[in-house]
Amino acid sequence: MVAKLLFVISESIRTALIKQLNRELESAYVYLAMSAWCSREEFNGAAHWFRLQYDEEQTHGTKLFDYLIDQGAPVGLLPVGAPPEEFDSLVEVFEASLAHERSMTEHLNDLSDLALQERDHATYNLLQWFVTEQVEEESTVGEIIAKLRLVGTDGYGVLMVDNELGTRTLSAAA
């Protein structure tokens, strides 16, 4: 019989991290659905942008998964809910993305607070990477929304923004 390792993090931190892992995987699913909508509507640049966002969220989930494993914590995966599939416009898709990112920021801030409260500095340090990432996420999506609002319904302007979105590459830090 192999002895089980005791995990280093508290049960409350473990549970919260598993919930956050689930949120990251749900985020990936949300962005995959947004990519599908954009593809269907022929916004190929935005479809590419959201597909990379999907990849990034998968990486975030894996980062949490690996941390839990490294801490010797049992990982139980939770079900992932169905994402929204219909939007009225490209700007609405990005507004939904921004609302989603703001919700993720709130959850990560709450999780950071819990880590500090429990004096779990290793988890807190991990979460600071995510918090910093959220600042970038919200800023980037906010800039895209501003551009889309600036061009309004001008087809040429929307095409230019969509083409710009198609140039996105996935950063190594993601």
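According to this note's numbering, the residues represented by the sequence shown are -15 to 158, in order. Glycine included, every Cβ here is placed at the ideal spot set by N, Cα and C. Since this is a predicted model, take the numbers as computed values, not measurements.
Note on geometry: alpha-carbon atoms of Y15 and H32 lie some 10 Å from one another. Per the C-alpha coordinates, the member of L149, M18, M144, Y13 positioned closest to D72 is M18. Distance from the CA of Q37 to the CA of E(-5), rounded to the nearest whole angstrom, comes to 30 Å. Where I(-3) is concerned, the enclosing alpha helix (DSSP H) starts and stops at -5 to 24. Residue environment for R133: exposed (fewer than 16 other C-beta atoms within 10 angstroms of its C-beta). When only Cα atoms are considered, G45 and M144 end up about 32 Å apart.
Linking D54 to G150 through their CA atoms gives a straight-line distance of about 36 Å. DSSP, read as helix, strand or coil, puts D104 in coil.
L9 is the residue among E120, S96, A99, L9 whose C-alpha sits nearest the C-alpha of K47. In terms of Cβ geometry, D146 and A30 form a close pair [threshold 7 Å].
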